[in-house]
Amino acid sequence: MTRVWTDRKIEDIVGNLLISGVLLSAFVVAVGGAIYLIRHGLAPAGYHVFRGEPSDLRSLPGIFHSALGLSGRGIIQLGLVLLIATPVARVAFAIWGFAEEHDRLYLTFTGIVLIILLYSLLGSGSAF
Amino acid sequence: MNILEFTILVAMGSFVAGLLGSLTGLGGGVVLVPLLTIFFKVDIRYAIGASLVSVIATSSGAAAAYVKEGFSNIRIGMFLEIATTLGALCGAFLATVVSTRFLAVIFGLVLLYSAYLSRKPRTAEQRNLPPDALATRLRMNGSFPSEEGMRHYNVQRVPAGFSLMFGAGALSGLLGIGSGAVKVLAMDQAMKIPFKVSTTTSNFMIGVTAAASAGIYLNRGYIDPGLSMPVMLGVLAGSLLGVRILVKAETRVLRLVFSLVIVVLGAQMIYEGITGRI
Chain A
1 MTRVWTDRKI EDIVGNLLIS GVLLSAFVVA VGGAIYLIRH GLAPAGYHVF RGEPSDLRSL
61 PGIFHSALGL SGRGIIQLGL VLLIATPVAR VAFAIWGFAE EHDRLYLTFT GIVLIILLYS
121 LLGSGSAF
Chain B
129 MNILEFTILV AMGSFVAGLL GSLTGLGGGV VLVPLLTIFF KVDIRYAIGA SLVSVIATSS
189 GAAAAYVKEG FSNIRIGMFL EIATTLGALC GAFLATVVST RFLAVIFGLV LLYSAYLSRK
249 PRTAEQRNLP PDALATRLRM NGSFPSEEGM RHYNVQRVPA GFSLMFGAGA LSGLLGIGSG
309 AVKVLAMDQA MKIPFKVSTT TSNFMIGVTA AASAGIYLNR GYIDPGLSMP VMLGVLAGSL
369 LGVRILVKAE TRVLRLVFSL VIVVLGAQMI YEGITGRI
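In the order they appear, the protein sequences are chains A and B. According to this note's numbering, the first sequence is numbered sequentially starting from 1. According to this note's numbering, the second sequence is numbered sequentially starting from 129.
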């Protein structure tokens, strides 16, 4: 019975974690969006040609730096990073839960998923 | 068109996509990319990046509601996420090397297929299947609250489900969609997991899968803040409203109309991809 109870407790906390992450990131994106629109709203829009983002909006250090400088685009990007981090935090939390249950098999599975996610977020930029 | 007008129009379009996606259960991401590329003439790579971000927002928002109801199976989800996240990495890397025309054609084909899946009658659920050795070793069998009380289920064919999940992840990373339809297909059809458990567990997995490819898209400069902002906020607001009115709405006609829209958009994507206009 203990296992079932812990599973349910984990699910409750995970549910709250997900909704808080999404709401927080939506708030940050909206604040950044307001700054961006006030400053650049009347400039012409152009997404027809792909240029790729400048380096300060691609990497985590660049995004933090740009957001701290109160750039609208930088703050939006920070909100999007928070959004991407929400499922990552969910997986990290599941690791803790499976460790509590001494479930080594699922601890391994969850660890593999977390490594893949961290590689994508932190490591994939330098590879190319 | 200036940035303010563009932002308002994209936010409105995304709101409708999110609303229809959650009302019909087909997901908003699937119409977002055609909407942005065909009507707003956005480069497909920016469109896929923005769509991916909105997929994380809607699935996490919905999963938060589902997970508390006790339908989703966290072990099945975690195990299959190994396959979907690996697939997502492959899909995202592939997206950075193939041509935009190829992306448009594949996207169109996926649209046509998901419209077909949504019209196909669901096969009856098989109950009381014998336990499968591998699924039992992986402790995947579970139970969920149904009308007749707690119902137990035994998971079948784990390798088949795992392979399908890799494909679902690759499509998600390549096209920036949740590919919930393929995930449900893997769990519901291949692994014989009850439909309610399949859909909620799939929703739970979509956010993690999308996060795996979103990191790569971000590092490659495919996620544009000016475009992602109205898309993410619009889709999120639309899908949250959709969940609220879902209980009262008659969705049969809506599903039919939405599948027709998907067919038209799919054909248009294939045409524009082949003629090189995307």
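By construction, the Cβ of each residue, glycine as well, lies at the ideal position given by its N, Cα and C atoms. Given the structure is predicted, the values throughout are model-derived calculations rather than measurements.
Any idea what DSSP makes of residue 271 (chain B), helix, strand or coil? Reduced to three states, the DSSP call for residue 271 (chain B) is strand.
Within the same chain, show all residues whose beta-carbon is closer than 7 Å to that of residue 273 (chain B), passing over the 5 residues directly before and after it, in chain order. Taken in chain order, the residues that qualify are 198.
Sequence ranges, alpha helix (DSSP H) only - wholly within the region 326-401 of chain B, length at least 4: Here the runs fully enclosed are 353-374.
Alpha-carbon to alpha-carbon, residue 225 (chain B) and residue 291 (chain B): A direct Cα-to-Cα measurement between residue 291 (chain B) and residue 225 (chain B) gives close to 23 Å.
Count the other CB atoms, across all protein chains shown, that sit within 10 Å of the CB of residue 130 (chain B); report buried if there are 16 or more and exposed otherwise. So residue 130 (chain B) counts as exposed.
Bridge partners of residue 279 (chain B), per DSSP? B:272.
How would you call residue 214 (chain B), buried or exposed, if buried means at least 16 neighbouring beta carbons within 10 angstroms? Here residue 214 (chain B) is buried, its C-beta having at least 16 other C-beta atoms within 10 Å.
Residues of the region 344-364 of chain B in Cβ contact with chain A at a cutoff of 8 Å, in chain order, please. Within the region 344-364 of chain B, the residues whose Cβ lies closer than 8 Å to some Cβ of chain A are 344, 346, 347, 348, 349, 350, 351, 352, 353, 354, 355, 356, 357, 358, 360, 361 and 364, listed in chain order.
Chain-order list of residues whose beta-carbon lies under 7 Å from that of residue 30 (chain A) (same chain, five-residue window excluded): Residues of the same chain with a CB within less than 7 Å of the CB of residue 30 (chain A), apart from the 5 flanking positions on each side, do not exist.
Taking 8 Å as the CB-CB cut-off, is residue 61 (chain A) touching chain B? Not a single CB atom of chain B sits nearer than 8 Å to the CB of residue 61 (chain A).
I'd like to know whether the C-beta of residue 217 (chain B) is nearer than 8 Å to at least one C-beta of chain A. At a cut-off of 8 Å between beta carbons, residue 217 (chain B) contacts chain A.
Nearest to residue 260 (chain B) (by Cα), restricted to the options B:166, B:187, B:319 and B:254: With distances taken between CA atoms, residue 260 (chain B) lies nearest to B:319 out of B:166, B:187, B:319 and B:254.
Straight-line gap, residue 111 (chain A) to residue 324 (chain B) (C-alpha atoms, nearest Å): Each residue's alpha carbon lies about 27 Å from the other.
Could you tell me whether the region 78-87 of chain A touches the region 180-187 of chain B, where touching means 3 or more Cβ pairs closer than 8 Å? Taking a cut-off of 8 Å on C-beta distances, the region 78-87 of chain A touches the region 180-187 of chain B, as three or more cross pairs fall below it.
Rounded to whole angstroms, what's the CA-CA distance from residue 230 (chain B) to residue 401 (chain B)? Just pull it up for me. One Cα belongs to residue 230 (chain B), the other to residue 401 (chain B), and the distance between them is close to 7 Å.
Considering only their Cβ atoms, is the gap separating residue 370 (chain B) from residue 157 (chain B) smaller than 8 Å? Contact: no.
Under 7 Å between beta-carbons, which chain A residues line up against residue 400 (chain B)? List them in chain order, please. Listed by position along chain A, the residues whose Cβ is nearer than 7 Å to that of residue 400 (chain B) form an empty set, because the closest Cβ is around 13 Å away.
6 Å Cβ shell around residue 356 (chain B) - same chain, five flanking residues per side excluded: Once the five neighbours on either side are set aside, the close Cβ partners of residue 356 (chain B) are 178 and 181.
Could you check whether the Cβ of residue 80 (chain A) sits closer than 8 Å to any Cβ belonging to chain B? For residue 80 (chain A), the answer is yes, since a Cβ of chain B falls inside 8 Å of its Cβ.
Any C-beta of chain A sitting closer than 8 Å to the C-beta of residue 207 (chain B)? At least one chain A Cβ lies under 8 Å of residue 207 (chain B).
Spatial neighbours of residue 360 (chain B) within its chain, please: CB distance less than 6 Å, with the 5 preceding and 5 following residues excluded, ordered by chain position. Excluding positions up to five away in sequence, the list reads 181, 182 and 185.
Please confirm whether residue 122 (chain B) and residue 238 (chain B) have their CB atoms less than 8 Å apart. Chain B is shown only over 129 to 406; residue 122 (chain B) falls outside these bounds and no answer can be derived.
Quick check: the Cα distance between residue 209 (chain B) and residue 42 (chain A), rounded to an integer number of angstroms? Roughly 43 Å between the two C-alpha positions.
Residues that DSSP places opposite residue 44 (chain A) in a beta bridge: Answer by DSSP bridge pairing, in chain order: B:130.
Identify the contact partners of residue 189 (chain B) in chain A, using a Cβ-Cβ distance below 7 Å as the criterion. Near residue 189 (chain B) (Cβ distances below 7 Å), the residues of chain A are 19 and 22.
Element boundaries [alpha helix (DSSP H), containing residue 73 (chain A)]: First-last of the alpha helix (DSSP H) with residue 73 (chain A): 72-100.
Whose C-beta lies closer than 6 Å to the C-beta of residue 56 (chain A) among residues of the same chain, with five residues either side of it excluded? Taking residue 56 (chain A) as the centre and dropping the five residues before and after it, the same chain places the C-beta of 62 and 66 closer than 6 Å to its C-beta, in chain order.
Where residue 341 (chain B) meets chain A, residues with beta-carbon distance less than 8 Å: Against residue 341 (chain B), the close residues of chain A are 120, in the order they occur along the chain (beta-carbon pairs closer than 8 Å).
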